[in-house]
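Visitor:
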Amino acid sequence: MHWCGWSQENRRYVAVRQAAAWCYRGGSISAEPRINDRIRVPEVRLVGPSGEQVGIVPLAKALELAQEYDLDLVEVAATARPPVCKLMDYGKFKYESAMKAREARKNQAHTVIKEMKLRPKIDPHDYDTKKGHVVRFLKQGDKVKITIMFRGREQSRPELGFRLLQRLASDVEELGFIESNPKQDGRNMIMVLGPHKKKTEAMAEAREAQAARKAERQGYTPDAEAAAEEAAEAPAEAQPEVSAETPSEA
Numbered sequence: 226m227h228w229c230g231w232s233q234e235n236r237r238y239v240a241v242r243q244a245a246a247w248c249y250r251g252g253s254i255s256a257e258p259r260i261n262d263r264i265r266v267p268e269v270r271l272v273g274p275s276g277e278q279v280g281i282v283p284l285a286k287a288l289e290l291a292q293e294y295d296l297d298l299v300e301v302a303a304t305a306r307p308p309v310c311k312l313m314d315y316g317k318f319k320y321e322s323a324m325k326a327r328e329a330r331k332n333q334a335h336t337v338i339k340e341m342k343l344r345p346k347i348d349p350h351d352y353d354t355k356k357g358h359v360v361r362f363l364k365q366g367d368k369v370k371i372t373i374m375f376r377g378r379e380q381s382r383p384e385l386g387f388r389l390l391q392r393l394a395s396d397v398e399e400l401g402f403i404e405s406n407p408k409q410d411g412r413n414m415i416m417v418l419g420p421h422k423k424k425t426e427a428m429a430e431a432r433e434a435q436a437a438r439k440a441e442r443q444g445y446t447p448d449a450e451a452a453a454e455e456a457a458e459a460p461a462e463a464q465p466e467v468s469a470e471t472p473s474e475a
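Residues in the sequence shown are numbered consecutively from 226, following my numbering.
1. So for T354, helix, strand or coil by DSSP?
2. Considering just the uninterrupted stretch of the alpha helix (DSSP H) at A394, what are its terminal residues?
3. Name, in chain order, the residues that DSSP records as bridge partners for E257.
4. Please report the residue range of the beta strand (DSSP E) in which K346 lies.
5. So I403 and M416 are in contact, right, with Cβ under 8 Å, and what is the actual spacing, rounded?
6. Under 7 Å, do P307 and V269 count as touching if we go by C-beta distance?
7. Please state whether the Cβ-Cβ distance between K408 and M374 is less than 7 Å.
8. Could you check whether K331 and G366 sit closer than 7 Å to each other, using their CB atoms as the reference points?
9. Could you give the first and the last residue of the continuous alpha helix (DSSP H) run that contains T425?
10. Since I believe P274 is in contact with M313 (beta carbons under 8 Å), could you give me their beta-carbon distance rounded to a whole number of angstroms?
11. Check the C-beta distance from I347 over to L418 and give it rounded, since I have them as a contact under 8 Å.
12. DSSP three-state call for S275: helix, strand or coil?
13. Nearest to A427 by alpha carbon, out of K286, D410 and L363?
14. Please return the same chain residues whose Cβ sits closer than 8 Å to the Cβ of R250, not counting the five positions on each side in sequence.
15. When you compare only the Cα positions, how much space is there between V360 and D396?
16. Do P345 and V398 have their beta-carbon atoms positioned less than 7 Å apart in this structure?
17. Give the straight-line distance between the Cα atoms of R392 and E384, rounded to the nearest whole angstrom.
18. Among the residues of its own chain, which have a CB less than 7 Å from the CB of Y294, if the five just before and after it don't count?
19. In or out: V369 buried (at least 16 other Cβ within 10 Å) or exposed?
20. So, are the CB atoms of E300 and P267 less than 7 Å apart?
21. Report the rounded CA-to-CA distance for P420 versus A394, giving the unit in angstroms.
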């Protein structure tokens, strides 16, 4: 690239863009900490395998200790002066960190808004089916957006949709509440129901129920275990003594 005729500001701008593009391609910045021979400092503040403070030691001494303990020397605080390094099994550390992150993602509660659409003159059977879905969503800790769809002349009777939404909210009031009151939106009327239970509570209850079903399929129940323990602790019933009489000699 020819820099002749370029201002200092333009040169700086191009340099920053090139550096950003190179970093975006993964050319110079790595999220992984430096370990063992990749550490390029004369001395480090060393932390032992159990978290004990060893102190400031030369890098060669720290690498020697890592080899002696059959561990890795991992730079845990690169910006400190001198950098802080710890003796650890880096492979095991990465595995445990990945498992913790996976468990955190698994237990993370995401608020989900489900949607259920109804007609003002819905059939009673269809209403019960739709209400069942709303009940299931609320039990799972999700919000539910209820949409009443008006067609043709139904648009002149918005009170039908309003009464239907009020009826549905009343039928599921033990599980949810009206978070957003019914309001007209063009040809539709919308209401949002929020669950009483938090998403994390619903997830915990679902896991407990799944574990209980699994235990039941395997033939284990709390009542059966209690009966077995009671039978094991109960004393054995006394057996009647039988005396063997010897026949008298003739």
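Note that the Cβ used here is the ideal one computed from N, Cα and C, for glycine as well.
Guide: According to the data block:
1. Within the sequence shown, residue 354 is the residue found at index 129, counting from 1. Correct three-state label for T354: helix.
2. As a first step, residue 394 is located in the sequence shown; it is residue number 169 there, counting from the start. Residues P383 to D396.
3. For the purposes of this step, residue 257 is identified with residue 32 of the sequence shown, where counting begins at 1. Partner(s): none; E257 has no beta bridge.
4. In the sequence shown, the residue the question calls residue 346 occupies position 121. Run containing K346: none; DSSP gives neither H nor E here.
5. Within the sequence shown, the letter at position 178 stands for residue 403. Within the sequence shown, the letter at position 191 stands for residue 416. That pair is a contact at about 7 Å.
6. Stepping through the sequence shown from its first residue, residue 307 is reached at position 82. Stepping through the sequence shown from its first residue, residue 269 is reached at position 44. Yes. Within cutoff.
7. In the sequence shown, counting from the first residue as 1, residue 408 sits at position 183. In the sequence shown, counting from the first residue as 1, residue 374 sits at position 149. No. Outside cutoff.
8. Translated into the one-based positions of the sequence shown, residue 366 becomes position 141. Translated into the one-based positions of the sequence shown, residue 331 becomes position 106. No, the Cβ-Cβ distance between G366 and K331 is not below 7 Å.
9. Along the sequence shown, read from residue 1 onward, the residue named residue 425 stands at position 200. Counting along the chain, the alpha helix (DSSP H) containing T425 begins and ends at K424 to R442.
10. Walking along the sequence shown from the start, residue 313 turns up at place 88. Walking along the sequence shown from the start, residue 274 turns up at place 49. Rounded, the Cβ-Cβ distance is 7 Å, consistent with contact.
11. One-based indexing of the sequence shown puts residue 347 at position 122. One-based indexing of the sequence shown puts residue 418 at position 193. Rounded, the Cβ-Cβ distance is 17 Å, inconsistent with contact.
12. Start at 1 with the first residue of the sequence shown, and residue 275 comes out as number 50. In the structure shown, S275 sits in coil (DSSP, three-state: anything other than H, G, I, E or B).
13. The residue you call residue 427 lines up with position 202 of the sequence shown. Selected option, being the one with the closest Cα: L363.
14. Translated into the one-based positions of the sequence shown, residue 250 becomes position 25. Reliability of the predicted coordinates at R250 is poor, the pLDDT of 48 falling under 50, and the value obtained from them is presented with this limitation in mind. Excluding sequence neighbours, R250 sits near nothing in its chain.
15. Position 135 of the sequence shown, counted from the start, is the residue given in the question as residue 360. Position 171 of the sequence shown, counted from the start, is the residue given in the question as residue 396. Each residue's alpha carbon lies about 9 Å from the other.
16. As a first step, residue 398 must be located in the sequence shown, where it is residue number 173. As a first step, residue 345 must be located in the sequence shown, where it is residue number 120. In the sequence under discussion, the amino acid at residue 398 is Glu, which differs from the Val named in the question. Result no, Cβ atoms of E398 and P345 do not sit closer than 7 Å.
17. Numbered from its first residue, the sequence shown carries residue 392 at position 167. Numbered from its first residue, the sequence shown carries residue 384 at position 159. Answer to the nearest angstrom: the Cα atoms are 12 Å apart.
18. As a position in the sequence shown, residue 294 is number 69, starting the count at 1. Closer than 7 Å at Cβ, skipping near neighbours: P274 and L312.
19. Within the sequence shown, the letter at position 144 stands for residue 369. V369 comes out buried.
20. Along the sequence shown, read from residue 1 onward, the residue named residue 300 stands at position 75. Along the sequence shown, read from residue 1 onward, the residue named residue 267 stands at position 42. No. Outside cutoff.
21. Position 195 of the sequence shown holds residue 420. Position 169 of the sequence shown holds residue 394. One C-alpha to the other measures close to 11 Å.
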